[in-house]
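> So the sequence lines, in the order shown, correspond to chains A and B.
Each residue of the first sequence is one higher than the one before, counting from 1 in the numbering used here.
Each residue of the second sequence is one higher than the one before, counting from 1001 in the numbering used here.
Before we start, here is the structure in question, set down as structure tokens.
Number of protein chains: 2
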Amino acid sequence: MLPRDEIPPGTLYMMILKTLARGGEMHGFEIANSIQRLSEDVLRVEEGSLYPALQRMLVKGWVTAKWGTTGDNRRARYYRLTPAGRKQLEIELSQFERVIGAIQRVIEAT
Amino acid sequence: MLPRDEIPPGTLYMMILKTLARGGEMHGFEIANSIQRLSEDVLRVEEGSLYPALQRMLVKGWVTAKWGTTGDNRRARYYRLTPAGRKQLEIELSQFERVIGAIQRVIEAT
DNA sequence: TATGTTTACATAGTCTAACTATGTATGGAG
DNA sequence: CTCCATACATAGTTAGACTATGTAAACATA
Chain A
1 MLPRDEIPPG
11 TLYMMILKTL
21 ARGGEMHGFE
31 IANSIQRLSE
41 DVLRVEEGSL
51 YPALQRMLVK
61 GWVTAKWGTT
71 GDNRRARYYR
81 LTPAGRKQLE
91 IELSQFERVI
101 GAIQRVIEAT
Chain B
1001 MLPRDEIPPG
1011 TLYMMILKTL
1021 ARGGEMHGFE
1031 IANSIQRLSE
1041 DVLRVEEGSL
1051 YPALQRMLVK
1061 GWVTAKWGTT
1071 GDNRRARYYR
1081 LTPAGRKQLE
1091 IELSQFERVI
1101 GAIQRVIEAT
């Protein structure tokens, strides 16, 4: 499964939303690092996946962004969940469970 | 998650392989119906997804196909798992568990 | 006998989204 | 001063699931 892409299409939104729900205001690199660390290095969020995804999420109104500075004085774009984003997270979580559960029924059938 | 496609890209191969591993020789419609039924109607395998996937799997050497007739006298193409397909199934199953486990660690983190 | 439904396969074209590759810019370490 | 890590961004590629459409035959039923 997924030989080319490690991250199943669609699930990146869910993980970013969840990360922001947990961590409050975060910038892109922080989000990517958090996902990578929590997944125990199974999931590597490439920059070419991360930033386009964040742009799309801005357009969809799931997050807002503002420029700021990091602890070590670098410019970074800080993202924050909107109420729509929080709602979307709930949708995605339940969809994920529903679909993964269905797949597991198929692959675990005897 | 996955608003447009119900079946996460990549997982269809795995489910087809598993279905053939369980059912022996089957034709396309049987495979699709089996997946749909076992998933309790959560996953609907569209014909436009199924047949192209089976073609790709033929090219990859995961399955062989031969024409035959169904119980009610219709022509149908019967698919059978090759040793390479069986190996691929094992790969996909372990990849799936690995990736889904990683995603769950991310979305279940507190 | 004609019509519609179901089974069964196939392909063309669309679309999402994750990827690679590349580019910009800055801070800190050596 | 150079190198590396951080941080963001975009162009172009690719896989694969989808919709829409077409073929054809078996069967039910009016």
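Here a beta-carbon is modelled for each residue, glycine too, at the ideal position from N, C-alpha and C.
How about I100 of chain A and I1100 of chain B: are their beta carbons less than 8 Å apart?
Going by C-beta atoms, I100 of chain A is nearer than 8 Å to I1100 of chain B.
> Have a look at B:A1053, B:I1007, B:R1056 and flag the residue whose alpha-carbon is nearest the alpha-carbon of Q1036 of chain B.
Out of B:A1053, B:I1007, B:R1056, B:I1007 has the C-alpha closest to the C-alpha of Q1036 of chain B.
> Determine the direct distance from the alpha carbon of G1085 of chain B to that of I1107 of chain B, and round the result to whole angstroms.
Each residue's Cα considered, the two are about 32 Å apart.
> Just the Cα atoms here: how many angstroms apart are G1048 of chain B and A1032 of chain B?
Cα to Cα, G1048 of chain B sits roughly 11 Å from A1032 of chain B.
> Measure the C-alpha to C-alpha separation of R1105 of chain B and L1038 of chain B and round it to an integer number of angstroms.
Taking the straight line from one Cα to the other gives about 26 Å.
> Could you check the C-alpha separation between A1109 of chain B and R1074 of chain B for me, to the nearest Å?
In a straight line, the C-alpha of A1109 of chain B is about 52 Å away from that of R1074 of chain B.
> Leaving aside the five residues before and after K60 of chain A along the sequence, list all residues of the same chain whose C-beta is less than 8 Å from its C-beta, in chain order.
Closer than 8 Å at the Cβ level, and outside the excluded window around K60 of chain A, lie A84, Q88.
> For a contact meaning CB atoms closer than 7 Å, what does A1109 of chain B contact in chain A?
By Cβ distance, chain A contributes R22, L38.
> Taking the straight line between their C-alpha atoms, what separation do you get for L17 of chain A and G10 of chain A?
When rounded, the distance between both Cα atoms is 12 Å.
> Check the Cβ-Cβ distances between M1001 of chain B and every residue of chain A, and say whether any is below 8 Å.
Model confidence at M1001 of chain B stands at a pLDDT of 39, short of 50, so the residue's coordinates are unreliable; what they give is reported in the following sentence. Cβ-Cβ to chain A under 8 Å: yes for M1001 of chain B.
> Against chain B, does E46 of chain A count as a neighbour if the rule is that its beta carbon must be under 8 Å from one of theirs?
For E46 of chain A, the answer is no, since every Cβ of chain B falls outside 8 Å of its Cβ.
> At a Cβ threshold of 8 Å, is T134 of chain A touching chain B?
The displayed coordinates of chain A run from 1 to 110. Any statement about residue 134 of chain A would go beyond what the structure contains.
> Helix, strand or coil, according to DSSP, for M1001 of chain B in the structure here?
Unreliable positioning characterises M1001 of chain B in this predicted model, as indicated by a pLDDT of 39, which lies under 50. The coordinate reading is nonetheless provided below. Coil.
> Let me know the alpha helix (DSSP H) ranges lying completely inside the stretch 1016 to 1043 of chain B, each 4 residues or longer, listed in chain order.
The stretch 1016 to 1043 of chain B contains these whole alpha helix (DSSP H) runs: 1028 to 1038.
> Do T64 of chain A and E77 of chain A have their beta-carbon atoms positioned less than 8 Å apart in this structure?
Contrary to the premise, residue 77 of chain A reads as Arg rather than Glu in this sequence. No; because the gap between Cβ atoms is not below 8 Å, this pair is not in contact.
> Taking C-beta pairs closer than 7 Å, name the residues in chain B that I35 of chain A reaches, listed in chain order.
What I35 of chain A touches in chain B: V1106.
> Could you tell me which chain B residues have their CB closer than 7 Å to the CB of K18 of chain A, listed as they occur along the chain?
Ordered by position in chain B, the residues that pass the 7 Å Cβ test against K18 of chain A are V1106, I1107.
> Output, in chain order, the set of chain A residues within a Cβ distance shorter than 7 Å of P1052 of chain B.
Simply none; closest approach about 17 Å.
> Looking at the unbroken alpha helix (DSSP H) that takes in G1101 of chain B, where does it start and where does it end?
Its alpha helix (DSSP H) spans residues 1083 to 1108.
> Using the three-state DSSP reduction, which class does V1045 of chain B fall into: helix, strand or coil?
Note: V1045 of chain B maps to coil in three-state DSSP.
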